[in-house]
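Heads up, the sequence shown is in the numbering used here, so the first residue is -5 and it goes up one at a time. Built from N, CA and C at the ideal position, the CB exists for glycine as well. Remember, it's a predicted structure, so these values are computed and weren't measured experimentally.
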Amino acid sequence: MLTTIKDVAAHVGQEVKLGGWLYNKRSSGKIQFLQLRDGTGFIQGVLVKSQVAPEVWEDASKLTQESSLYVTGTVRQDDRAPSGFELDVKHVEIIQVAEEYPITKKEHGVDFLMDHRHLWLRTPRQRAILTIRAEIIRAIQEFLDQQGFTLVDPPVLTPSSCEGTTNLFHTKYFDEDAFLTQSGQLYMEAAAMALRNVYSFGPTFRAEKSKTRRHLIEFWMIEPEMAFVEHEQSLEIQEQMLSYVVQQVLKNCERELKTLDRDISKLEKVQAPFPRITYDEAVELLHREGFTDFKWGEDFGAPHETKIAESFDKPVFITHYPTEIKAFYMKPDPNRPEVVLCADLIAPEGYGEIIGGSQRIDDPALMEERYAAHNLPLEAYQWYLDLRKYGSVPHSGFGLGLERTVAWICGLDHVRETIPFPRMLNRLYP
(Lines of atoms letter the chains of each structure in order from A and count residues from 1; the text may use other names and numbers.)
(Lines give C-alpha, C1' and ligand atoms only; values in the text may rest on other atoms or scores of the structure.)
Protein backbone atom coordinates (compact mmCIF):
# COMPACT_ATOMS: atom_id res chain seq x y z
CA MET A 1 0.00 0.00 0.00
CA LEU A 2 1.34 3.42 -0.95
CA THR A 3 2.09 6.17 1.54
CA THR A 4 1.94 9.86 0.55
CA ILE A 5 4.67 12.40 1.24
CA LYS A 6 2.34 14.54 3.34
CA ASP A 7 1.81 11.56 5.67
CA VAL A 8 5.45 10.47 6.19
CA ALA A 9 5.57 12.13 9.63
CA ALA A 10 3.47 9.23 10.92
CA HIS A 11 6.00 6.70 9.63
CA VAL A 12 9.37 7.82 11.05
CA GLY A 13 11.69 4.81 11.29
CA GLN A 14 9.37 2.71 9.15
CA GLU A 15 9.72 1.45 5.60
CA VAL A 16 7.23 3.00 3.19
CA LYS A 17 6.50 2.90 -0.54
CA LEU A 18 5.82 6.14 -2.43
CA GLY A 19 4.50 6.66 -5.95
CA GLY A 20 5.71 9.86 -7.56
CA TRP A 21 7.90 11.75 -9.98
CA LEU A 22 11.54 12.81 -9.99
CA TYR A 23 11.57 16.59 -9.63
CA ASN A 24 15.35 16.92 -9.61
CA LYS A 25 18.47 14.84 -9.04
CA ARG A 26 22.09 15.35 -8.07
CA SER A 27 24.89 12.90 -7.41
CA SER A 28 28.19 12.93 -5.54
CA GLY A 29 29.37 9.72 -7.18
CA LYS A 30 28.58 7.36 -4.34
CA ILE A 31 25.30 8.97 -3.28
CA GLN A 32 22.31 9.98 -5.41
CA PHE A 33 19.95 12.61 -4.03
CA LEU A 34 16.49 12.20 -5.54
CA GLN A 35 14.10 15.15 -5.18
CA LEU A 36 10.73 13.43 -5.25
CA ARG A 37 7.21 14.78 -5.53
CA ASP A 38 3.91 12.93 -5.40
CA GLY A 39 1.30 15.69 -5.62
CA THR A 40 0.98 15.95 -1.84
CA GLY A 41 4.45 17.34 -1.21
CA PHE A 42 8.18 17.09 -1.85
CA ILE A 43 10.82 14.95 -0.13
CA GLN A 44 14.46 14.09 -0.74
CA GLY A 45 15.36 10.45 -1.22
CA VAL A 46 18.95 9.50 -0.38
CA LEU A 47 20.38 6.53 -2.30
CA VAL A 48 23.77 5.21 -1.07
CA LYS A 49 25.56 3.00 -3.61
CA SER A 50 27.11 0.70 -1.03
CA GLN A 51 23.73 0.02 0.61
CA VAL A 52 21.62 -1.02 -2.39
CA ALA A 53 21.76 -3.68 -5.07
CA PRO A 54 23.70 -2.73 -8.23
CA GLU A 55 20.54 -2.84 -10.38
CA VAL A 56 18.79 -0.38 -8.04
CA TRP A 57 21.69 2.05 -8.37
CA GLU A 58 21.65 1.58 -12.14
CA ASP A 59 17.89 2.18 -12.39
CA ALA A 60 18.15 5.36 -10.34
CA SER A 61 20.97 6.58 -12.61
CA LYS A 62 18.64 6.29 -15.63
CA LEU A 63 16.01 8.61 -14.14
CA THR A 64 15.41 11.91 -15.91
CA GLN A 65 13.47 14.94 -14.70
CA GLU A 66 9.75 14.05 -14.26
CA SER A 67 10.32 10.32 -14.69
CA SER A 68 7.62 8.39 -12.83
CA LEU A 69 8.55 5.75 -10.29
CA TYR A 70 7.82 3.83 -7.12
CA VAL A 71 10.34 4.34 -4.32
CA THR A 72 10.70 2.18 -1.23
CA GLY A 73 12.70 3.39 1.75
CA THR A 74 12.86 4.26 5.44
CA VAL A 75 11.55 7.61 6.67
CA ARG A 76 14.09 9.59 8.66
CA GLN A 77 13.48 12.83 10.52
CA ASP A 78 15.86 15.60 9.44
CA ASP A 79 15.26 19.12 10.67
CA ARG A 80 17.53 20.53 7.94
CA ALA A 81 15.23 19.22 5.20
CA PRO A 82 12.51 21.62 3.95
CA SER A 83 9.84 19.04 4.75
CA GLY A 84 11.50 17.96 7.98
CA PHE A 85 12.02 14.42 6.68
CA GLU A 86 14.13 12.44 4.23
CA LEU A 87 13.82 8.97 2.76
CA ASP A 88 16.67 6.46 2.89
CA VAL A 89 15.99 4.70 -0.41
CA LYS A 90 16.22 0.91 -0.60
CA HIS A 91 14.49 0.18 -3.91
CA VAL A 92 13.46 2.02 -7.08
CA GLU A 93 10.88 0.76 -9.57
CA ILE A 94 10.73 2.79 -12.78
CA ILE A 95 7.27 3.35 -14.29
CA GLN A 96 8.48 5.55 -17.16
CA VAL A 97 11.72 7.34 -18.01
CA ALA A 98 10.50 10.76 -19.16
CA GLU A 99 11.61 12.41 -22.37
CA GLU A 100 13.72 15.57 -22.12
CA TYR A 101 11.60 17.90 -20.00
CA PRO A 102 10.87 21.38 -21.45
CA ILE A 103 10.90 23.26 -18.13
CA THR A 104 14.42 23.16 -16.73
CA LYS A 105 15.92 24.81 -13.66
CA LYS A 106 17.00 27.84 -15.71
CA GLU A 107 14.90 31.01 -15.92
CA HIS A 108 12.02 30.84 -18.42
CA GLY A 109 9.88 33.65 -19.83
CA VAL A 110 6.23 34.00 -18.87
CA ASP A 111 4.95 33.21 -22.39
CA PHE A 112 7.00 30.00 -22.48
CA LEU A 113 5.70 28.96 -19.07
CA MET A 114 2.12 29.76 -20.05
CA ASP A 115 2.49 27.71 -23.25
CA HIS A 116 3.59 24.85 -20.99
CA ARG A 117 1.08 25.58 -18.23
CA HIS A 118 0.07 21.90 -18.16
CA LEU A 119 3.63 21.14 -16.98
CA TRP A 120 4.34 24.37 -15.06
CA LEU A 121 1.66 23.31 -12.57
CA ARG A 122 4.08 20.66 -11.23
CA THR A 123 6.51 23.16 -9.67
CA PRO A 124 6.51 23.82 -5.91
CA ARG A 125 5.31 27.41 -6.36
CA GLN A 126 2.37 26.54 -8.58
CA ARG A 127 1.41 23.62 -6.38
CA ALA A 128 1.45 25.93 -3.34
CA ILE A 129 -0.83 28.45 -5.07
CA LEU A 130 -3.36 25.83 -6.14
CA THR A 131 -3.33 24.28 -2.66
CA ILE A 132 -4.09 27.69 -1.12
CA ARG A 133 -6.81 28.25 -3.73
CA ALA A 134 -8.43 24.97 -2.69
CA GLU A 135 -8.21 25.95 0.99
CA ILE A 136 -9.84 29.33 0.26
CA ILE A 137 -12.71 27.58 -1.52
CA ARG A 138 -13.09 25.06 1.29
CA ALA A 139 -13.09 27.77 3.98
CA ILE A 140 -15.64 29.94 2.16
CA GLN A 141 -18.03 27.05 1.72
CA GLU A 142 -17.48 25.89 5.29
CA PHE A 143 -18.24 29.38 6.64
CA LEU A 144 -21.39 29.80 4.56
CA ASP A 145 -22.60 26.27 5.29
CA GLN A 146 -22.11 26.83 9.02
CA GLN A 147 -24.11 30.06 8.75
CA GLY A 148 -27.08 28.20 7.26
CA PHE A 149 -26.61 29.14 3.61
CA THR A 150 -27.76 26.76 0.87
CA LEU A 151 -25.63 26.19 -2.23
CA VAL A 152 -27.63 26.85 -5.42
CA ASP A 153 -26.32 26.50 -8.99
CA PRO A 154 -27.40 29.25 -11.41
CA PRO A 155 -27.24 28.71 -15.19
CA VAL A 156 -24.12 29.42 -17.23
CA LEU A 157 -26.14 30.16 -20.39
CA THR A 158 -28.37 33.21 -19.98
CA PRO A 159 -30.71 35.24 -22.21
CA SER A 160 -29.63 38.60 -20.75
CA SER A 161 -26.91 40.41 -18.83
CA CYS A 162 -26.76 40.91 -15.08
CA GLU A 163 -24.80 44.15 -15.32
CA GLY A 164 -26.47 45.53 -18.43
CA THR A 165 -23.16 45.86 -20.30
CA THR A 166 -22.00 44.81 -23.73
CA ASN A 167 -19.01 42.78 -22.48
CA LEU A 168 -20.72 39.47 -23.10
CA PHE A 169 -19.75 36.28 -24.90
CA HIS A 170 -22.48 35.65 -27.43
CA THR A 171 -23.57 32.22 -28.59
CA LYS A 172 -26.60 30.62 -30.22
CA TYR A 173 -29.05 28.61 -28.14
CA PHE A 174 -30.59 26.75 -31.04
CA ASP A 175 -32.60 29.57 -32.70
CA GLU A 176 -32.20 32.07 -29.86
CA ASP A 177 -29.41 34.40 -28.81
CA ALA A 178 -27.70 33.48 -25.54
CA PHE A 179 -24.74 34.66 -23.51
CA LEU A 180 -22.20 33.16 -21.14
CA THR A 181 -23.00 34.39 -17.66
CA GLN A 182 -21.34 37.46 -16.18
CA SER A 183 -22.87 36.73 -12.78
CA GLY A 184 -25.39 34.39 -11.21
CA GLN A 185 -26.72 37.16 -8.99
CA LEU A 186 -30.17 37.71 -10.51
CA TYR A 187 -30.93 34.00 -10.32
CA MET A 188 -29.61 33.85 -6.77
CA GLU A 189 -32.09 36.55 -5.77
CA ALA A 190 -34.87 34.26 -6.98
CA ALA A 191 -33.35 31.40 -4.98
CA ALA A 192 -33.15 33.61 -1.86
CA MET A 193 -36.91 34.15 -1.99
CA ALA A 194 -37.31 30.35 -1.81
CA LEU A 195 -34.45 29.34 0.51
CA ARG A 196 -33.67 32.60 2.38
CA ASN A 197 -29.83 32.60 2.50
CA VAL A 198 -28.15 31.09 -0.56
CA TYR A 199 -24.84 31.18 -2.42
CA SER A 200 -23.47 30.10 -5.76
CA PHE A 201 -19.97 29.13 -6.73
CA GLY A 202 -19.08 28.87 -10.38
CA PRO A 203 -17.38 30.30 -13.47
CA THR A 204 -18.27 33.68 -14.96
CA PHE A 205 -17.17 35.26 -18.22
CA ARG A 206 -16.48 38.84 -19.27
CA ALA A 207 -15.42 39.78 -22.78
CA GLU A 208 -13.39 42.78 -21.65
CA LYS A 209 -10.32 43.42 -23.78
CA SER A 210 -8.19 44.09 -20.73
CA LYS A 211 -4.57 43.10 -20.20
CA THR A 212 -4.14 44.24 -16.59
CA ARG A 213 -2.67 42.02 -13.89
CA ARG A 214 -6.10 41.89 -12.20
CA HIS A 215 -8.21 40.65 -15.12
CA LEU A 216 -9.13 37.23 -16.47
CA ILE A 217 -11.71 36.46 -19.15
CA GLU A 218 -12.98 33.41 -17.24
CA PHE A 219 -13.00 33.58 -13.46
CA TRP A 220 -14.84 32.07 -10.52
CA MET A 221 -17.28 33.90 -8.25
CA ILE A 222 -18.83 33.19 -4.88
CA GLU A 223 -22.18 35.00 -4.80
CA PRO A 224 -24.31 34.95 -1.65
CA GLU A 225 -27.82 36.46 -1.57
CA MET A 226 -29.72 36.97 1.65
CA ALA A 227 -33.42 37.64 2.27
CA PHE A 228 -34.32 39.98 5.15
CA VAL A 229 -30.71 41.25 5.30
CA GLU A 230 -30.02 44.95 4.89
CA HIS A 231 -26.86 46.82 3.91
CA GLU A 232 -24.98 46.98 7.21
CA GLN A 233 -25.66 43.36 8.15
CA SER A 234 -24.38 42.28 4.73
CA LEU A 235 -21.08 44.09 5.40
CA GLU A 236 -20.74 42.26 8.72
CA ILE A 237 -21.24 38.88 7.01
CA GLN A 238 -18.64 39.79 4.36
CA GLU A 239 -15.96 40.79 6.86
CA GLN A 240 -16.62 37.77 9.07
CA MET A 241 -16.38 35.44 6.07
CA LEU A 242 -13.14 36.93 4.76
CA SER A 243 -11.56 36.97 8.23
CA TYR A 244 -12.45 33.30 8.64
CA VAL A 245 -10.97 32.43 5.25
CA VAL A 246 -7.65 34.19 5.88
CA GLN A 247 -7.27 32.64 9.33
CA GLN A 248 -7.95 29.17 7.91
CA VAL A 249 -5.27 29.66 5.26
CA LEU A 250 -2.80 30.78 7.92
CA LYS A 251 -3.65 27.72 9.99
CA ASN A 252 -3.72 25.07 7.26
CA CYS A 253 -1.30 26.33 4.57
CA GLU A 254 1.74 27.40 6.57
CA ARG A 255 4.17 25.44 4.37
CA GLU A 256 2.62 26.74 1.13
CA LEU A 257 2.78 30.37 2.30
CA LYS A 258 6.45 29.80 3.18
CA THR A 259 7.08 28.40 -0.32
CA LEU A 260 5.68 31.65 -1.72
CA ASP A 261 7.72 33.80 0.72
CA ARG A 262 4.46 35.43 1.79
CA ASP A 263 4.72 38.02 4.57
CA ILE A 264 2.11 36.51 6.88
CA SER A 265 2.29 39.40 9.36
CA LYS A 266 0.09 41.34 6.93
CA LEU A 267 -2.43 38.51 6.76
CA GLU A 268 -2.51 38.13 10.53
CA LYS A 269 -4.03 41.62 10.76
CA VAL A 270 -7.06 40.56 8.72
CA GLN A 271 -9.59 40.33 11.54
CA ALA A 272 -13.12 41.75 11.56
CA PRO A 273 -14.33 44.44 11.82
CA PHE A 274 -12.90 46.18 8.75
CA PRO A 275 -12.73 49.97 8.38
CA ARG A 276 -15.51 51.67 6.42
CA ILE A 277 -15.32 54.92 4.48
CA THR A 278 -17.92 56.47 2.21
CA TYR A 279 -17.30 57.28 -1.43
CA ASP A 280 -17.32 60.96 -0.43
CA GLU A 281 -14.58 60.35 2.15
CA ALA A 282 -12.58 58.33 -0.36
CA VAL A 283 -12.72 61.22 -2.85
CA GLU A 284 -11.52 63.63 -0.15
CA LEU A 285 -8.67 61.22 0.69
CA LEU A 286 -7.61 61.10 -2.97
CA HIS A 287 -7.62 64.90 -3.21
CA ARG A 288 -5.37 65.11 -0.15
CA GLU A 289 -3.03 62.51 -1.68
CA GLY A 290 -2.55 64.43 -4.92
CA PHE A 291 -5.33 63.07 -7.13
CA THR A 292 -6.76 66.57 -7.50
CA ASP A 293 -8.27 65.90 -10.94
CA PHE A 294 -10.57 63.17 -9.65
CA LYS A 295 -14.19 64.35 -9.78
CA TRP A 296 -17.17 63.23 -7.73
CA GLY A 297 -19.20 60.81 -9.85
CA GLU A 298 -16.24 59.05 -11.44
CA ASP A 299 -15.41 55.44 -10.68
CA PHE A 300 -12.15 54.49 -9.00
CA GLY A 301 -9.39 52.96 -11.09
CA ALA A 302 -6.53 50.76 -9.92
CA PRO A 303 -4.26 53.68 -8.85
CA HIS A 304 -7.10 55.20 -6.82
CA GLU A 305 -7.95 51.92 -5.08
CA THR A 306 -4.28 51.34 -4.28
CA LYS A 307 -3.87 54.79 -2.77
CA ILE A 308 -7.02 54.38 -0.65
CA ALA A 309 -5.88 50.94 0.57
CA GLU A 310 -2.49 52.34 1.64
CA SER A 311 -4.23 54.26 4.41
CA PHE A 312 -5.32 50.99 6.10
CA ASP A 313 -3.66 47.75 7.16
CA LYS A 314 -6.83 45.70 6.65
CA PRO A 315 -9.28 45.43 3.77
CA VAL A 316 -11.46 48.56 3.64
CA PHE A 317 -15.10 48.99 2.62
CA ILE A 318 -15.92 51.95 0.38
CA THR A 319 -19.65 52.53 0.70
CA HIS A 320 -22.38 54.71 -0.84
CA TYR A 321 -21.18 55.12 -4.40
CA PRO A 322 -23.03 57.48 -6.78
CA THR A 323 -26.18 55.87 -8.19
CA GLU A 324 -25.18 56.74 -11.75
CA ILE A 325 -22.03 54.58 -11.79
CA LYS A 326 -23.49 51.48 -10.19
CA ALA A 327 -25.71 48.65 -11.43
CA PHE A 328 -29.43 49.15 -12.01
CA TYR A 329 -30.54 46.81 -9.20
CA MET A 330 -28.80 48.62 -6.29
CA LYS A 331 -31.08 50.30 -3.76
CA PRO A 332 -30.72 54.08 -3.35
CA ASP A 333 -30.05 55.42 0.13
CA PRO A 334 -33.51 56.59 1.33
CA ASN A 335 -31.86 59.62 2.94
CA ARG A 336 -29.81 60.49 -0.13
CA PRO A 337 -31.06 58.95 -3.39
CA GLU A 338 -28.05 60.09 -5.43
CA VAL A 339 -26.00 57.34 -3.74
CA VAL A 340 -26.76 53.64 -3.33
CA LEU A 341 -26.53 51.24 -0.39
CA CYS A 342 -23.50 49.42 -1.70
CA ALA A 343 -19.88 48.68 -0.84
CA ASP A 344 -16.72 47.55 -2.57
CA LEU A 345 -14.18 45.78 -0.37
CA ILE A 346 -10.65 46.84 -1.32
CA ALA A 347 -7.80 44.48 -0.42
CA PRO A 348 -4.53 45.83 1.00
CA GLU A 349 -1.20 45.90 -0.85
CA GLY A 350 -2.60 47.10 -4.17
CA TYR A 351 -4.81 44.12 -4.97
CA GLY A 352 -7.94 46.19 -5.54
CA GLU A 353 -11.59 45.23 -5.24
CA ILE A 354 -12.20 41.65 -4.15
CA ILE A 355 -15.87 41.94 -3.11
CA GLY A 356 -18.68 44.04 -4.53
CA GLY A 357 -22.10 44.06 -2.94
CA SER A 358 -25.26 46.01 -2.23
CA GLN A 359 -28.74 46.02 -0.87
CA ARG A 360 -31.05 45.27 -3.80
CA ILE A 361 -34.06 47.33 -4.90
CA ASP A 362 -37.20 45.72 -3.47
CA ASP A 363 -39.80 48.21 -4.80
CA PRO A 364 -41.32 47.05 -8.13
CA ALA A 365 -42.16 50.58 -9.29
CA LEU A 366 -38.61 51.78 -8.72
CA MET A 367 -37.23 48.71 -10.49
CA GLU A 368 -39.39 49.47 -13.54
CA GLU A 369 -38.00 53.02 -13.53
CA ARG A 370 -34.48 51.55 -13.52
CA TYR A 371 -35.30 49.30 -16.44
CA ALA A 372 -36.34 52.35 -18.43
CA ALA A 373 -33.31 54.41 -17.37
CA HIS A 374 -30.91 51.62 -18.38
CA ASN A 375 -32.79 50.65 -21.56
CA LEU A 376 -33.39 47.12 -20.33
CA PRO A 377 -36.12 45.22 -22.24
CA LEU A 378 -39.00 44.30 -19.98
CA GLU A 379 -39.59 41.00 -21.75
CA ALA A 380 -36.06 39.82 -20.89
CA TYR A 381 -36.29 40.93 -17.26
CA GLN A 382 -39.96 40.33 -16.44
CA TRP A 383 -39.10 37.36 -14.27
CA TYR A 384 -36.70 39.51 -12.23
CA LEU A 385 -39.43 42.11 -11.72
CA ASP A 386 -41.78 39.36 -10.57
CA LEU A 387 -39.55 38.87 -7.51
CA ARG A 388 -40.60 42.37 -6.40
CA LYS A 389 -44.31 41.80 -7.11
CA TYR A 390 -44.92 38.58 -5.21
CA GLY A 391 -43.83 39.02 -1.61
CA SER A 392 -40.94 41.46 -1.92
CA VAL A 393 -38.65 41.79 1.09
CA PRO A 394 -35.44 43.70 1.92
CA HIS A 395 -32.52 41.66 0.61
CA SER A 396 -28.80 42.04 -0.03
CA GLY A 397 -25.98 40.17 -1.65
CA PHE A 398 -22.37 40.31 -2.76
CA GLY A 399 -19.89 38.66 -5.07
CA LEU A 400 -16.32 37.65 -4.19
CA GLY A 401 -13.85 37.20 -7.04
CA LEU A 402 -11.91 34.06 -6.23
CA GLU A 403 -8.82 34.71 -8.35
CA ARG A 404 -8.22 38.23 -7.02
CA THR A 405 -8.64 36.88 -3.49
CA VAL A 406 -6.11 34.11 -4.19
CA ALA A 407 -3.68 36.65 -5.69
CA TRP A 408 -3.91 38.84 -2.59
CA ILE A 409 -3.61 36.06 0.00
CA CYS A 410 -0.70 34.48 -1.90
CA GLY A 411 0.97 37.83 -2.62
CA LEU A 412 1.13 37.25 -6.39
CA ASP A 413 2.02 39.80 -9.05
CA HIS A 414 -0.59 38.59 -11.56
CA VAL A 415 -3.87 36.67 -11.48
CA ARG A 416 -2.69 34.31 -14.25
CA GLU A 417 -1.11 32.05 -11.60
CA THR A 418 -4.27 31.84 -9.47
CA ILE A 419 -6.22 29.44 -11.71
CA PRO A 420 -5.00 26.18 -13.24
CA PHE A 421 -5.56 27.19 -16.88
CA PRO A 422 -6.07 30.96 -17.20
CA ARG A 423 -8.15 32.43 -20.00
CA MET A 424 -6.81 35.85 -20.91
CA LEU A 425 -7.18 38.25 -23.81
CA ASN A 426 -4.64 36.47 -26.03
CA ARG A 427 -4.53 33.05 -24.40
CA LEU A 428 -6.84 30.10 -24.93
CA TYR A 429 -4.12 27.40 -24.99
CA PRO A 430 -3.62 24.97 -23.37
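Thinking ALA337 and ILE348 are a contact (beta carbons under 8 Å), I'd like their distance in whole angstroms, please. Not confirmed; about 12 Å, so no contact.
With C-beta atoms as the reference, is ALA401 less than 8 Å away from TYR345? yes
Per DSSP, what kind of secondary structure is GLU18 in: helix, strand or coil? First, the amino acid is wrong: residue 18 is Asn here, not Glu. ASN18 falls in the strand class under three-state DSSP.
So, helix, strand or coil for THR399, using DSSP? helix
Give the range of the alpha helix (DSSP H) segment to which LYS260 is assigned. 258 to 262
Reference GLY391, options GLN232, LYS43, ARG398, closest by Cα: GLN232
Could you give the residue range of the alpha helix (DSSP H) that holds GLN376? 372 to 383
Over what stretch of residues does the alpha helix (DSSP H) that includes LEU63 continue unbroken? LEU63 -> not in any alpha helix (DSSP H); beta strand (DSSP E) instead, spanning 62 to 71.
Nonlocal neighbours in the same chain, by C-beta distance under 6 Å from ARG31, ignoring five residues either side: GLY14, TRP15, TYR17
Check whether the region 106 to 123 and the region 411 to 423 touch, using three or more Cβ-Cβ pairs below 8 Å as the test. yes
Quick one: what does DSSP say PHE106 is sitting in, helix, strand or coil? helix
Using DSSP with H/G/I as helix, E/B as strand and the rest coil, what is MET215? strand
Would you give the residue range spanned by the beta strand (DSSP E) that VAL333 belongs to? 330 to 334
Residues that TYR82 bridges to, as DSSP identifies them: Here residue 82 turns out to be Asp, not Tyr, going by the sequence shown. Paired residue(s): VAL40, THR68.
Please classify TYR167 as buried or exposed, where buried requires at least 16 neighbouring CB atoms within 10 angstroms. exposed
Taking all protein chains shown into account, decide if ARG410 is buried (16 or more other Cβ within 10 angstroms of its Cβ) or exposed. buried
Closest by C-alpha distance to ASP82, when choosing among SER44, ALA92, ILE88, PRO96: SER44
By DSSP, does THR117 sit in helix, in strand, or in coil? coil
Check whether the Cβ of ASN191 lies closer than 8 Å to any Cβ atom in chain B. This model lacks chain B altogether; it includes just one protein chain.
For the beta strand (DSSP E) containing ILE312, list its first residue and its last residue. 310 to 313
Considering just the uninterrupted stretch of the beta strand (DSSP E) at SER204, what are its terminal residues? From DSSP, SER204 is part of no beta strand (DSSP E); its letter is neither H nor E.
Out of LEU244, MET182, THR313, ARG200, point me to the one whose CA is closest to PRO194's CA. Note on residue identity: the sequence assigns Ser, not Pro, to residue 194. Ranking the options by Cα distance to SER194, first place goes to MET182.
In this structure, how does DSSP classify MET235 when only helix, strand and coil are distinguished? helix
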